[in-house]
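Position 141 of the sequence shown, counted from 1, bears residue number 151 in this note's numbering, the numbering being contiguous throughout. By construction, the Cβ of each residue, glycine as well, lies at the ideal position given by its N, Cα and C atoms. From a predicted model like this one, the values you see are computed outputs, not experimental measurements.
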Amino acid sequence: MFQVKVCFFVLMNSIPYKAKQFLLVLVKLLIVGSAIYYLYAELSKKNLNDWQLVSTKFTFFSLVGIVFLSVLNWFFEILKWQNLVNTFYKISLKEATVQSLGSLTASIFTPNRVGEYGAKMLYFPKSETKKIILLNFISNSSQMATTLFFGVVGLMITGLFYDYFSYKIALFLFIILLLFSLFIIFGKKIIIYGFSVEKLIQKIKSFPRNSLKTTQQLSVIRFLIFSHQFYFLLVIFGVEITYSLALATIFSMYFLASIVPSIHLMDVAIKGSVAFILFGKLGVNQWTIVSITTLMWFLNLVIPVLIGSLFVLKFKPKLEL
11 MFQVKVCFFV
21 LMNSIPYKAK
31 QFLLVLVKLL
41 IVGSAIYYLY
51 AELSKKNLND
61 WQLVSTKFTF
71 FSLVGIVFLS
81 VLNWFFEILK
91 WQNLVNTFYK
101 ISLKEATVQS
111 LGSLTASIFT
121 PNRVGEYGAK
131 MLYFPKSETK
141 KIILLNFISN
151 SSQMATTLFF
161 GVVGLMITGL
171 FYDYFSYKIA
181 LFLFIILLLF
191 SLFIIFGKKI
201 IIYGFSVEKL
211 IQKIKSFPRN
221 SLKTTQQLSV
231 IRFLIFSHQF
241 YFLLVIFGVE
251 ITYSLALATI
261 FSMYFLASIV
271 PSIHLMDVAI
281 KGSVAFILFG
291 KLGVNQWTIV
301 SITTLMWFLN
311 LVIPVLIGSL
321 FVLKFKPKLE
331 L
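Have a look at this one:
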């Protein structure tokens with residue numbers, strides 16, 4: 011991906027200034043237009059009667075509470091990015107917000123948020139490109155590590171509640187452990203975003219420990235926020251389930267969904283499918299699961315992408331074109 015970006019900027023350097031400006035406007039409109047179109051297409055698939063039925067489940071205060079959790083979710087993600095960038099380049103909370111939501115919009119069509127790496131690079135001088143790639147990797151890796159930890163705990167607790175999950179979970183965890191061990195032994199020379207795994211480990215070890223600690227703490231807080239948001243939606247929809255089993259299943263769902271390669275637009279389908287399998291075993295009906303996963307997708311992705319679209323339209327790159 012890094013090599014592709016370099017080729018893009020070499021090409022841009024050969025284009026006259028006015029043509030560059032026109033191309034930049036065209037790219038912005040293409041990104042925003044495509045994002046809005048695809049979000050509209052996804053939302054239009056939902057039956058209007060379903061949305062009306064969902065709305066009857068909420069009181070004013072429960073709706074405000076659920077929306078507030080989405081705001082908190084993104085607030086801590088933005089804080090995490092600001093914390094990382096501030097290790098070498100001071101940015102305000104407003105700048106961190108613009109960069110986080112703008113890059114989200116730009117990466118909506120790319121697998122596993124790969125486009126976010128390239129999008130965030132454009133907010134900084136060209137000389138800082140590799141630093142931004144590293145920071146983004148640390149940010150995403152800390153969130154993935156959090157999901158992995160809570161997911162494994164969730165799978166183990168779920169296995170204790172239901173015997174028919176036990177052997178499958180044990181086999182799954184063994185495979186994950188085996189793959190991780192093989193990666194540690196043989197994966198040092200693998201290249202990730204222009205860095206070998208060995209070099210990435212060295213750079214992370216030399217990174218300020220306080221910043222790494224804060225990043226991990228913010229990742230944990232964020233994970234617990236959107237996990238509890240899902241739990242509160244289960245309560246609002248009248249699902250009878252114990253707190254411990256609900257959270258264990260939610261942790262498992264996020265972990266299993268995170269290891270499936272996907273683009274943001276398919277996020278609702280993947281999480282919905284995993285949630286249907288896990289919560290279906292607990293007797294939760296399909297309509298409730300689909301409604302909750304769709305609401306989570308709408309609040310935590312659709313609305314931030316629409317806000318990010320405004321930032322994309324106002325975007326002026328610091329990276330020299």
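Where does residue 295 sit, in a helix, a strand or coil, going by DSSP? Within the sequence shown, numbered from 1, the residue matching residue 295 stands at position 285. It is coil, neither helix nor strand.
Would the C-beta of residue 301 count as close to the ligand NAP, meaning under 7 angstroms from any of its heavy atoms? No copy of the ligand NAP occurs in the structure displayed, which carries no ligand at all.
With 16 other CB atoms within 10 Å as the buried threshold, where does residue 290 fall? Along the sequence shown, one-based indexing puts residue 290 at 280. Counting Cβ neighbours within 10 Å, residue 290 comes out exposed, since fewer than 16 surround it.
Span separating the alpha-carbon of residue 188 from that of residue 162: The residue you call residue 188 lines up with position 178 of the sequence shown. The residue you call residue 162 lines up with position 152 of the sequence shown. In this structure, the straight-line span from the alpha carbon of residue 188 to that of residue 162 is close to 14 angstroms.
What are the boundary residues of the alpha helix (DSSP H) that includes residue 104? Walking along the sequence shown from the start, residue 104 turns up at place 94. Where residue 104 is concerned, the enclosing alpha helix (DSSP H) starts and stops at 103-116.
So, do the stretch 248-260 and the stretch 128-148 have three or more beta carbon pairs nearer to each other than 8 angstroms? No: fewer than three Cβ pairs fall under 8 angstroms.
I'd like to know whether the C-beta of residue 300 is nearer than 8 angstroms to at least one C-beta of chain B. No chain B appears in this structure, which consists of one protein chain only.
Among the residues of its own chain, which have a CB less than 6 angstroms from the CB of residue 231, if the five just before and after it don't count? Indexing the sequence shown from 1 puts residue 231 at position 221. Result list for residue 231: 86, in chain order.
Who are the near neighbours of residue 321 in its chain, counting only those whose CB is closer than 7 angstroms to its CB and skipping five residues on each side? Residue 321 sits at position 311 when you count from the first residue of the sequence shown. Cβ neighbours of residue 321 beyond the five flanking positions: 108, 111, 112.
Within 10 angstroms of the Cβ of residue 95, are there 16 or more other Cβ atoms? Answer buried if so, exposed if not. Walking along the sequence shown from the start, residue 95 turns up at place 85. The C-beta of residue 95 has 16 or more other C-beta atoms within 10 Å across all chains shown, which makes the residue buried.
Which residue's Cα is closest to the Cα of residue 65: 168, 246, 123, 135? Along the sequence shown, read from residue 1 onward, the residue named residue 65 stands at position 55. Of the candidates 168, 246, 123, 135, the one whose C-alpha sits nearest the C-alpha of residue 65 is 246.
Can you find the residues in the same chain that come closer than 7 angstroms, C-beta to C-beta, to residue 91, ignoring five residues on each side of it along the sequence? In the sequence shown, residue 91 corresponds to position 81, counting from 1. Result list for residue 91: 106, 109, 110, 149, in chain order.
What is the C-beta distance between residue 157 and residue 264, in whole angstroms, given that I count them as a contact (C-beta under 8 angstroms)? Locating residue 157 in the sequence shown gives position 147, where the first residue counts as 1. Locating residue 264 in the sequence shown gives position 254, where the first residue counts as 1. Contact holds; Cβ gap of about 6 angstroms.
Measure the Cβ-Cβ separation of residue 80 and residue 309 and say whether it is below 8 angstroms. The sequence position of residue 80 within the sequence shown is 70, counting from 1. The sequence position of residue 309 within the sequence shown is 299, counting from 1. A contact, by the Cβ cut-off of 8 angstroms.
In terms of residue numbering, what span does the alpha helix (DSSP H) encompassing residue 249 cover? Translated into the one-based positions of the sequence shown, residue 249 becomes position 239. Premise fails: residue 249 is in no alpha helix (DSSP H) and is neither H nor E.
Residue interval of the alpha helix (DSSP H) (run including residue 264): Indexing the sequence shown from 1 puts residue 264 at position 254. That run of the alpha helix (DSSP H) goes 253-268.
Within 10 angstroms of the Cβ of residue 225, are there 16 or more other Cβ atoms? Answer buried if so, exposed if not. Here residue 225 refers to the residue found at position 215 of the sequence shown. Label assigned to residue 225: buried.
For the alpha helix (DSSP H) that residue 93 lies in, which residues bound it at each end? Against the sequence shown, residue 93 aligns to sequence position 83. First-last of the alpha helix (DSSP H) with residue 93: 70-95.
Could you spell out where the alpha helix (DSSP H) holding residue 130 opens and where it closes? Against the sequence shown, residue 130 aligns to sequence position 120. Its alpha helix (DSSP H) spans residues 125-131.
Run the CB neighbour count on residue 153, radius 10 Å, all protein chains shown included, and call it buried at 16 or more, exposed below. Reading the sequence shown from its first residue, position 143 is the one you call residue 153. So residue 153 counts as buried.
Presumed contact (8 angstroms Cβ cut-off) between residue 306 and residue 227, rounded CB distance: As a working note, residue 306 is residue 296 in the sequence shown. As a working note, residue 227 is residue 217 in the sequence shown. No, residue 306 and residue 227 are not in contact; Cβ-Cβ is about 23 angstroms, not under 8 angstroms.
Backbone secondary structure at residue 313 - three-state DSSP: The count along the sequence shown starts at 1 and reaches residue 313 at position 303. Residue 313 falls in the helix class under three-state DSSP.
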